[in-house]
Amino acid sequence: MAPVRPGWLLAALLPAALGISVLTQARAQSGSGSTGASCSIPDQVRPLQLPSPATTAPTPTPPAPDGQDYRHLLRPTPAGWPVVAHWCVWIEPADAAAGTGEARRQADWLAAVDTALQQWSGLLSISRVSSPEQAQVRVWRRRPPLQRQADGRLRASHGRAVLTLVAALRQQQWWAEPRIDVLLGAGQAPLPLQATALHELGHAFGLWAHSDQAGDAMAAIPGGRPVLQLSRRDRATLLWLQGQSGRMPTPARPVETPATAPAPPKAPTAD
Ligand SMILES: [Zn+2]
Numbered sequence: 000m001a002p003v004r005p006g007w008l009l010a011a012l013l014p015a016a017l018g019i020s021v022l023t024q025a026r027a028q029s030g031s032g033s034t035g036a037s038c039s040i041p042d043q044v045r046p047l048q049l050p051s052p053a054t055t056a057p058t059p060t061p062p063a064p065d066g067q068d069y070r071h072l073l074r075p076t077p078a079g080w081p082v083v084a085h086w087c088v089w090i091e092p093a094d095a096a097a098g099t100g101e102a103r104r105q106a107d108w109l110a111a112v113d114t115a116l117q118q119w120s121g122l123l124s125i126s127r128v129s130s131p132e133q134a135q136v137r138v139w140r141r142r143p144p145l146q147r148q149a150d151g152r153l154r155a156s157h158g159r160a161v162l163t164l165v166a167a168l169r170q171q172q173w174w175a176e177p178r179i180d181v182l183l184g185a186g187q188a189p190l191p192l193q194a195t196a197l198h199e200l201g202h203a204f205g206l207w208a209h210s211d212q213a214g215d216a217m218a219a220i221p222g223g224r225p226v227l228q229l230s231r232r233d234r235a236t237l238l239w240l241q242g243q244s245g246r247m248p249t250p251a252r253p254v255e256t257p258a259t260a261p262a263p264p265k266a267p268t269a270d
């Protein structure tokens with residue numbers, strides 16, 4: 000078994016204006032619009048019919064001229080860049096009995112996730128929502144399952160993000176939308192936990208890659224101290240991604256079978 004540390008391994012389901020930050024509580028509404036800042040529950044959600052890979056091989060992005068970001072490490076999905084103009088984020092609420100050790104652990108976990116989310120909400124338009132059905136990003140307080148590596152060894156990690164592409168029906172039209180489940184264990188000390196949350200949320204907001212510099216929140220190999228702030232390169236890469244055409248929602252075709260309700264995932268992903 001691999002040593003337990005917030006290791007980050009990319010096993011991909013993907014193998015891709017700067018919003019003024021808004022952190023608001025959005026009420027559940029139904030059936031309104033595919034774009035804009037609402038966090039409405041779609042009329043239906045189904046697995047997405049992906050175009051055949053042959054027709055969609057993405058052209059690799061050349062590196063930034065000044066090396067000031069890591070855009071060249073990002074890849075779009077066959078249905079476009081898995082990013083939206085406004086993110087609806089659901090975070091698993093605390094449910095432990097007040098005054099217990101578990102209640103304290105859950106409060107520390109929520110504080111770490113909140114602080115990490117604040118970092119990203121400085122760059123993105125984000126709403127916190129009260130039900131997972133409303134959200135593109137769902138943060139679950141559970142440790143990711145062990146993952147078998149290419150060499151057969153089992154690997155443990157403190158965080159993992161799973162990207163699923165769905166077809167969402169809104170106003171009689173199907174749209175390709177990202178759904179990201181972030182698994183985040185509550186076992187780390189507060190600062191390493193905050194760093195893991197910052198990293199996994201980075202994947203969730205579209206940075207499905209690892210940078211090669213230890214000072215970046217999206218670094219593949221963490222440095223000696225937890226990264227609690229987004230680096231200039233993290234920000235520049237996100238800004239580049241926000242400027243790309245082909246961001247979601249994009250017109251979509253659903254698979255015929257109806258999808259299941261949101262639940263903690265089992266699929267391999269990005270750590
Ligand atoms: Zn990662």
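Its first residue numbered 0, the sequence shown is counted upward by one per residue in numbering that gives the first Met the number 0. For each residue, glycine too, the CB sits at the ideal point set by N, CA and C.
>> Restricting to runs no shorter than 4 residues, where is the alpha helix (DSSP H) found entirely within the segment 66 to 110?
In response: none
> Regarding His209 and ligand 1, is the C-beta to nearest heavy atom distance less than 7 Å?
Replying inline: yes
> Are three or more beta carbon pairs between the segment 190 to 200 and the segment 74 to 83 nearer than 8 Å?
Replying inline: no
> Which term fits Leu153, buried or exposed, when burial requires 16 or more other beta carbons within 10 angstroms of its beta carbon?
Replying inline: exposed
> Excluding five sequence neighbours on each side, which residues of the same chain lie with their C-beta closer than 7 Å to the C-beta of Gly222?
Replying inline: Ala213 and Gly214
> Is Ala196 helix, strand or coil when you go by DSSP?
Replying inline: helix
>> Restricting to Cα atoms, I'd like to know which of Asp65, Met217, Pro92 and Gln171 is closest to Arg252.
In response: Gln171
>> Give the list of continuous alpha helix (DSSP H) stretches no shorter than 4 residues that lie fully inside the segment 216 to 257.
In response: 231 to 241
> Taking the beta strand (DSSP E) that Glu276 falls in, what are its first and last residues?
Replying inline: With the chain covering only 0 through 270, there is no way to say anything about residue 276.
> Can you give the Cα-Cα distance for Ala149 and Ala218, rounded to whole angstroms?
Replying inline: 21 Å
>> Is His202 near ligand 1 - that is, is its Cβ less than 7 Å away from at least one heavy atom of it?
In response: yes
> Using the rule of at least 16 other Cβ atoms within 10 Å of the residue's Cβ for burial, across every protein chain shown, is Ile115 buried or exposed?
Replying inline: The displayed chain sequence assigns Ala, not Ile, to residue 115. It counts as buried.
> Using the rule of at least 16 other Cβ atoms within 10 Å of the residue's Cβ for burial, across every protein chain shown, is Val254 buried or exposed?
Replying inline: exposed
>> Nearest by alpha-carbon distance to Trp86: which of Ile179, Tyr69 and Ser244 is it?
In response: Ile179
> So is Leu145 buried or exposed if we call it buried at 16+ other beta carbons inside 10 Å?
Replying inline: exposed
> Should His198 be listed as close to ligand 1, given that the test is whether its C-beta is under 7 Å from any heavy atom?
Replying inline: yes
> Closest to Trp239 by CA distance: which of Ser37, Pro62 and Pro41 is it?
Replying inline: Pro62
> With Leu123 and Phe204 assumed to form a contact (beta carbons below 8 Å), what rounded beta-carbon distance in angstroms separates them?
Replying inline: 6 Å
> Just curious, the beta strand (DSSP E) that Leu123 is in, first and last residue?
Replying inline: Premise fails: Leu123 is in no beta strand (DSSP E) and is neither H nor E.
> In or out: Pro250 buried (at least 16 other Cβ within 10 Å) or exposed?
Replying inline: exposed
> Opposite Trp207 in the DSSP bridges: which residues?
Replying inline: DSSP lists no partner for Trp207.
> Would the segment 96 to 112 and the segment 183 to 196 be scored as touching if the rule is three or more Cβ pairs under 8 Å?
Replying inline: yes
> Since Thr163 and Leu206 are thought to touch, with beta carbons under 8 Å apart, how far apart are those beta carbons, to the nearest angstrom?
Replying inline: 17 Å between Cβ atoms; not a contact.
> DSSP three-state call for Ala149: helix, strand or coil?
Replying inline: coil
> What are the partner residues of Gly158, as DSSP defines its beta bridges?
Replying inline: Leu183
>> On the DSSP letters alone, give me the boundaries of the beta strand (DSSP E) that Pro46 sits inside.
In response: Gln43 to Pro46
> My guess is that Arg142 and Leu182 are in contact by the Cβ rule of under 8 Å, so how many angstroms apart are they, rounded?
Replying inline: 7 Å
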